[in-house]
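Right, one structure below, let's go through it.
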Amino acid sequence: MKWETVNLDIMENGVAILTFNRPEFLNSVNWQFCQDVPAACRVVSSRDDIKVLIITGAGAGWSSGGDIATLFGMQDPVDAKETYDFSTGIVNAIYELEKPVIAAVNGAVAGASLASCMACDLIVASEKARFAFSFIQIGFCPDSGTSYFLTQKLGYHKAAEILWFGKMLKADEAYQLGLVNQVVSPENLLEETIKMAEKLAKAPLLAIGLDKKLLRAALKNDFYQQAELEAMYQVLTWSSEDFKEGCAAFQEKRAPVFKGR
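For the sequence shown, my numbering assigns the number 18 to the initial residue and increments by one for each residue that follows.
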């Protein structure tokens with residue numbers, strides 16, 4: 018499936034690959050991009066045959082953030098606010114997917130696209146990946162939720178250091194900080210990410226969807242609130258077909274076949 022700025026390839030193994038497809042502009046975000054990514058995410062959400070989504074970029078970069086022509090074309094503060102709200106819709110579309118989302122970062126990530134990347138559940142980075150938190154270098158603040166994700170993942174002090182000094186993180190630095198899950202060679206990026214996605218596609222996706230909610234709630238809940246939420250979700254999974262299948266497979270010493278319900 019193709020739009021003007023993105024492609025969506027749906028594989029037979031339950032995995033779909035969303036490719037940002039403006040390679041001549043390092044997949045920067047323009048008005049059409051802001052419409053195409055949410056449209057593709059709606060397709061992913063609506064199709065039962067898509068279990069896991071991989072997001073990658075065509076060409077040399079994952080996404081360089083806001084398109085310069087779009088940013089320079091803003092006329093006044095009201096226009097700027099509308100533009101930033103519109104671009105945040107990309108992050109919302111990715112973050113709100115109940116299915117697992119894996120970023121396969123093939124090159125540079127910068128600007129608002131840092132938020133899109135961190136909104137994914139898992140991040141696999143090529144050794145060539147670079148995470149450019151360079152807002153401060155042009156007198157900018159981060160946007161689209163970048164400060165939220167960065168602080169949640171790394172804590173206040175490290176987030177402040179990265180933003181205030183406009184750091185460019187190499188793939189291995191991002192891994193050491195816990196910003197990415199895995200670093201692989203460029204030629205193996207998609208293959209390794211697909212392997213990870215295939216494992217998740219065979220998993221009990223009802224439980225994974227609830228795990229996403231639990232992990233996000235844990236960022237703000239205290240122990241008692243989180244334990245209560247876990248108990249409620251355990252009741253839901255206990256009554257699911259997947260739980261019954263998992264128990265039966267364990268007793269019968271075979272691999273379970275989960276259906277996500």
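For every residue, glycine included, the Cβ atom is placed at its ideal position computed from N, Cα and C. The model shown is predicted, which means the values in this text are computed figures rather than measured ones.
Following the DSSP letters along the chain, one finds residue 187 inside the beta strand (DSSP E) bounded by residues 185-187.
In the structure shown, residue 31 adopts coil according to DSSP, grouped into three states.
In the DSSP assignment, residue 26 forms a beta bridge with 34.
Collapsing the DSSP output to three states places residue 237 in coil.
In the three-state scheme derived from DSSP, where H, G and I count as helix and E and B as strand, residue 275 is classed as coil. Scanning its chain for C-beta atoms nearer than 7 angstroms, with the 5 sequence neighbours on each side dropped, one finds around residue 83 the residues 45, 46, 104, 128, 129, in chain order. With a cutoff of 9 angstroms on beta-carbon distance, residue 141 and residue 209 are scored as near each other.
Using a Cβ distance threshold of 9 angstroms, residue 107 and residue 69 do not count as a contacting pair.
Judged by DSSP in its simplified three-state form, residue 140 adopts strand. Counting along the chain, residue 80 sits inside the beta strand (DSSP E) bounded by residues 78-80. Put simply, the backbone Cα of residue 219 is about 20 angstroms away from that of residue 121.
The region 185-199 and the region 153-165 do not touch, with fewer than 3 CB-CB distances between them shorter than 8 angstroms. Straight-line spacing of the CA atoms in residue 229 and residue 115 works out to 8 angstroms. The alpha-carbon separation between residue 276 and residue 66 amounts to approximately 11 angstroms.
Rounded to whole angstroms, the Cβ separation of residue 54 and residue 110 is 6 angstroms, and the two are in contact under 8 angstroms.
Between residue 37 and residue 23, the C-beta gap is smaller than 9 angstroms, which places the two residues in contact. Following the DSSP letters along the chain, one finds residue 114 in no beta strand (DSSP E), marked with neither H nor E. Under the DSSP assignment, residue 169 falls in the alpha helix (DSSP H) whose first and last residues are 163-171. For residue 70, no alpha helix (DSSP H) encloses it; the enclosing beta strand (DSSP E) starts and ends at 69-74.
Relative to the Cα of residue 215, the nearest Cα in the group 56, 28, 21 belongs to 28. About 25 angstroms separates the CB atoms of residue 249 and residue 139; that is not less than 8 angstroms, and the two are not in contact. Taking the Cβ atoms as the reference, residue 25 lies roughly 5 angstroms from residue 57, within the contact range of under 8 angstroms.
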